[in-house]
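If you're matching positions, the sequence shown starts at 3 in my numbering and goes up one per residue. Cβ atoms here follow ideal geometry from the backbone N, Cα and C, with glycine treated the same way. Here the structure is laid out as structure tokens; the discussion comes afterwards.
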Amino acid sequence: MTTISTQVRLAQQLRSLGSTPVAASRPVPRTTSATAQASPTQGATVVSLSAAGLQAASGAVAAGATVVDYTDRIKSSSQKTINALLAGGNRWFHTSGASGETPSACARHELTVSFMDNTVGLNALDANGFQALTQAQRDDVMDALGTISGVVNLRFTEVASGGDIQFGSNNQASSAGYARYPNEGSQVMLANNQGSFAGSWDPGTYEWQTVIHETAHALGLKHPGNYNAGGGGTPGPYLSKAADHRGNTIMSYNNPASLKRISYNGSSFSSSTVNPSTLQGYDIAALQYLYGAPTSAQAATYSWEAGQALSQTIWNANSASAIDLSNQTLNNQVDLRAGHFSSIAQRDAYADMGPFDKVAYGRATSGGRKLSAILGVPGYTGKNNLLIAQGSHINRATGGSGNDTVITNADGNTVDGGGGNDAIFYSGGAASFQGGSGDDTVYLLKKTGTTWTLSDDRSTATWTQRNARTGVVTTLGTVALSNVEHVKFWNGSALKSTGVALVA
3 MTTISTQVRL
13 AQQLRSLGST
23 PVAASRPVPR
33 TTSATAQASP
43 TQGATVVSLS
53 AAGLQAASGA
63 VAAGATVVDY
73 TDRIKSSSQK
83 TINALLAGGN
93 RWFHTSGASG
103 ETPSACARHE
113 LTVSFMDNTV
123 GLNALDANGF
133 QALTQAQRDD
143 VMDALGTISG
153 VVNLRFTEVA
163 SGGDIQFGSN
173 NQASSAGYAR
183 YPNEGSQVML
193 ANNQGSFAGS
203 WDPGTYEWQT
213 VIHETAHALG
223 LKHPGNYNAG
233 GGGTPGPYLS
243 KAADHRGNTI
253 MSYNNPASLK
263 RISYNGSSFS
273 SSTVNPSTLQ
283 GYDIAALQYL
293 YGAPTSAQAA
303 TYSWEAGQAL
313 SQTIWNANSA
323 SAIDLSNQTL
333 NNQVDLRAGH
343 FSSIAQRDAY
353 ADMGPFDKVA
363 YGRATSGGRK
373 LSAILGVPGY
383 TGKNNLLIAQ
393 GSHINRATGG
403 SGNDTVITNA
413 DGNTVDGGGG
423 NDAIFYSGGA
433 ASFQGGSGDD
443 TVYLLKKTGT
453 TWTLSDDRST
463 ATWTQRNART
473 GVVTTLGTVA
483 LSNVEHVKFW
493 NGSALKSTGV
503 ALVA
């Protein structure tokens with residue numbers, strides 16, 4: 003089993019397995035041919051180039067690029083959240099003329115990636131202030147793209163030139179990058195005149211997020227709302243206003259209040275945003291609709307630095323995979339059910355403000371104005387900062403020293419609560435729960451017509467159902483218990499006790 007403590011290590015692991023990433027572009031009317039992400043100085047919003055700029059961009063492509071005139075059209079999904087991200091038309095890498103029930107049935111899964119070294123073949127827009135990416139930047143791009151190939155059935159190989167997707171950098175007026183779609187060349191241009199370009203490209207930085215965002219455009223995803231950087235809009239359909247944010251999709255312009263941090267360094271306050279470091283849940287679903295899920299997955303153990311602020315989505319279909327929070331001292335809520343959010347290293351929103359709590363910050367002023375009116379209020383608490391994507395089977399979890407909650411899935415999970423007073427909610431299968439130190443409670447799933455039996459030594463709970471007609475008793479599940487002080491019931495929905503406890 004491979005231990006993965008950061009997203010970049012995951013990317014490096016995937017690259018070592020031959021999973022080198024790639025990008026695509028976003029569908030728009032024929033007057034548009036590129037998409038862009040606004041620079042952090044412009045509010046870190048994701049946008050499309052103006053129609054005029056897009057028309058100019060469509061005039062030429064990088065040397066060696068292959069522009070394929072697909073005749074097929076993407077079939078719509080039954081899920082609105084997927085359709086809101088599909089560029090549509092022929093904007094995904096696929097075999098022309100092929101057919102299938104879903105776009106993934108005729109998708110290409112082997113793609114090449116290259117990095118532009120000069121301006122040969124570039125039009126004026128692309129060549130403006132052109133710089134080739136450094137080797138370190140190229141490595142970062144490949145790492146970022148590796149996280150994509152870890153959750154989508156795409157395998158990417160770096161080539162010297164003429165790749166299916168090509169990366170370079172240039173000067174851009176107000177964006178951090180733009181990309182073209184697969185049927186238009188799939189060039190990704192990053193803005194070398196923006197501050198984020200010269201800084202770190204590590205996971206969690208704005209530039210890392212930009213690379214993933216633009217790559218997703220290059221693979222066929224669009225913005226989920228009617229907005230773009232250079233004016234105009236993005237074709238529908240759209241996500242609802244409530245759903246259109248970066249906690250759900252890295253393609254959004256909008257940062258939810260839950261990702262905002264405000265810190266105090268002893269003399270001044272500053273505001274920042276927790277940037278997504280992965281494709282988010284909607285993005286993974288949309289790209290898997292276009293290209294499919296990986297046909298195999300390596301077991302992995304996911305962990306984070308103690309107290310780390312994050313916004314991530316993980317996908318892994320290997321049931322031996324685990325979440326390890328043994329180094330965490332803050333409280334966690336881990337939900338192993340696919341499609342559910344977890345909350346890692348939960349904290350007070352004002353934890354970064356030193357002596358300023360909510361009341362003191364609310365009274366603080368600068369130049370006669372309240373700071374809360376200037377900077378807003380912090381919202382990051384760690385709540386719902388990690389999603390286990392649909393299709394995942396992550397069946398092991400280890401808690402930290404805080405008071406943790408673990409909601410298991412129906413596969414049958416192995417859980418070690420660690421220190422603290424922990425709560426473990428059983429959802430099905432043959433499970434093993436270790437309470438660890440502290441005062442720990444297991445909640446067994448209670449359903450009408452079923453019976454739970456606890457062994458005399460309280461080491462095993464057995465879930466059965468008796469057929470009223472035949473008298474046959476069927477075992478529905480078992481739970482091995484160790485260092486568990488209380489055994490109660492829950493209804494599978496609300497995280498609270500229901501009925502009479504087995505062990506109060």
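Beta-carbon spacing of residue i, residue j below 8 Å
| i | j | result |
| --- | --- | --- |
| A231 | R182 | no |
| W465 | T477 | yes |
| G170 | F95 | no |
| L312 | V336 | no |
| Y428 | S499 | no |
| A347 | S323 | no |
| G438 | G419 | yes |
| W317 | S394 | yes |
| G179 | V190 | yes |
| I167 | L113 | yes |
| A299 | A319 | yes |
| G294 | N173 | no |
| T383 | D350 | yes |
| S79 | Y291 | yes |
| V115 | G164 | no |
Span of the beta strand (DSSP E), counted from its first residue to its last, around residue i
| i | result |
| --- | --- |
| L217 | Inspection of the sequence shows that residue 217 is occupied by Thr rather than by Leu. T217 -> not in any beta strand (DSSP E); alpha helix (DSSP H) instead, spanning Y208 to L221. |
| I167 | I167 to N172 |
| A129 | Run containing A129: none in the beta strand (DSSP E); it sits in the alpha helix (DSSP H), A126 to A129. |
| R365 | No beta strand (DSSP E) holds R365; the alpha helix (DSSP H) holding it covers K360 to R365. |
| F343 | H342 to S344 |
| I396 | I396 to T400 |
| R75 | Neither: R75 is in no beta strand (DSSP E) and is coded neither H nor E. |
| D418 | T416 to D418 |
| M191 | Q189 to A193 |
| T116 | This sequence places Ser at residue 116; Thr is not what is there. Unbroken beta strand (DSSP E) run through S116: E112 to F117. |
| T452 | T452 to L456 |
| Q436 | G431 to Q436 |
Counted within 10 angstroms of its Cβ, other Cβ atoms place residue i as buried (16 or more) or exposed
| i | result |
| --- | --- |
| E103 | exposed |
| A137 | For the record, residue 137 in the displayed sequence is Gln; it is not Ala. Exposed, because fewer than 16 other Cβ atoms sit within 10 Å of the Cβ of Q137. |
| T83 | buried |
| P357 | exposed |
| Y411 | Correcting the residue identity first, residue 411 is Asn in this sequence and not Tyr. N411 should be labelled buried. |
| N185 | buried |
| D459 | exposed |
| S106 | buried |
| D145 | buried |
| T367 | exposed |
| A259 | exposed |
| L373 | buried |
| R468 | exposed |
| G501 | exposed |
| K449 | exposed |
| A425 | buried |
| K520 | Any question about residue 520 goes unanswered here, given that the chain covers just 3 to 506. |
| N387 | buried |
| D354 | buried |
| R371 | exposed |
Option in the options with minimal Cα separation from residue i
| i | options | result |
| --- | --- | --- |
| Y304 | P239, N397, D350 and A218 | N397 |
| N423 | G440, S279, F117 and V408 | G440 |
| S273 | Y293, N257, I346 and Y284 | N257 |
| S461 | G402, V486 and T452 | V486 |
| A86 | H247, W306 and G309 | H247 |
| L377 | V481, R263 and S106 | R263 |
| G222 | G91, I325 and K448 | G91 |
| D128 | N318, G99 and S188 | S188 |
| F435 | K448, H488, T453 and R468 | H488 |
| A433 | I76, T280 and L338 | L338 |
| I214 | G152, V161 and V505 | G152 |
| K490 | V481, F271, A503 and L483 | A503 |
| L497 | G473, A506, T443 and T472 | T443 |
| G414 | H342, T480 and F158 | T480 |
| E216 | L192, S98 and A200 | L192 |
| R110 | Y352, L147, F158 and G148 | F158 |
| N130 | A162, N195 and V161 | N195 |
Residue interval of the alpha helix (DSSP H) (run including residue i)
| i | result |
| --- | --- |
| G283 | G283 to Y293 |
| G404 | It is not in any alpha helix (DSSP H) - G404 carries neither H nor E in the DSSP assignment. |
| V486 | That residue, V486, is in no alpha helix (DSSP H); it is neither H nor E in DSSP. |
Near the ligand FMN: residue i beta-carbon under 7 Å from a heavy atom
| i | result |
| --- | --- |
| K449 | The ligand FMN is not part of the structure shown, which contains no ligands of any sort. |
- Are the stretch 109-126 and the stretch 242-252 touching, with three or more C-beta to C-beta distances below 8 Å? Contact fails: fewer than three Cβ-Cβ distances are below 8 Å.
- Task: Report yes or no: do the stretch 200-209 and the stretch 234-248 share at least 3 C-beta pairs separated by less than 8 Å?
- Result: Output reads no: the stretch 234-248 does not touch the stretch 200-209.
- Query: Counting Cβ pairs closer than 8 Å, one from the stretch 398-412 and one from the stretch 334-350, do we hit at least three?
  - Reply: Judged by Cβ distances under 8 Å, the stretch 398-412 makes contact with the stretch 334-350, as three or more pairs qualify.
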